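**Student:** One structure, pasted below without further comment.
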Amino acid sequence: MTTPTEWMKDEYNDLVSKGFDWKPPVIGGPSTGRAIIDGKKRIMLCANNYLSMSNHPKV
85 MTTPTEWMKD EYNDLVSKGF DWKPPVIGGP STGRAIIDGK KRIMLCANNY LSMSNHPKV
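Structure representation (structure tokens):
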């Protein structure tokens with residue numbers, strides 16, 4: 085007998101087998117205008133901290 089949520093596990097495994105398993109990127113370091121994402125230097129265009137004010141000592 086299967087559980088009421090067994091279909092979700094099957095559906096998830098089917099999506100993973102098709103390559104639809106999304107893994108969020110790993111962001112290293114403090115929130116700044118530039119960040120290391122998955123080991124690569126990137127410009128953070130989607131952060132609320134593009135001016136680096138959240139890391140400023142006076143804020």
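Numbers 85 to 143, taken from this note's numbering, label the letters of the sequence shown in order. Yeah, the Cβ is synthetic: ideal placement off N, Cα and C, and Gly gets one too. Predicted, not measured: the structure shown is a model, and the values here were computed from it.
1) Go ahead and pull the three-state DSSP assignment for Lys142.
2) With distances taken between CB atoms, is the gap from Asn97 to Pro114 smaller than 8 Å?
3) Comparing alpha-carbon positions, which option in Gly123, Pro88, Asp94 lies nearest Lys102?
4) Taking the straight line between their C-alpha atoms, what separation do you get for Leu62 and Thr89?
**Tutor:** In this structure, then:
1) coil
2) With respect to Pro114, Asn97 sits apart: the two C-beta atoms are not nearer than 8 Å.
3) Asp94
4) The shown model of the chain, from 85 to 143, leaves out residue 62, and the question about it has no answer.
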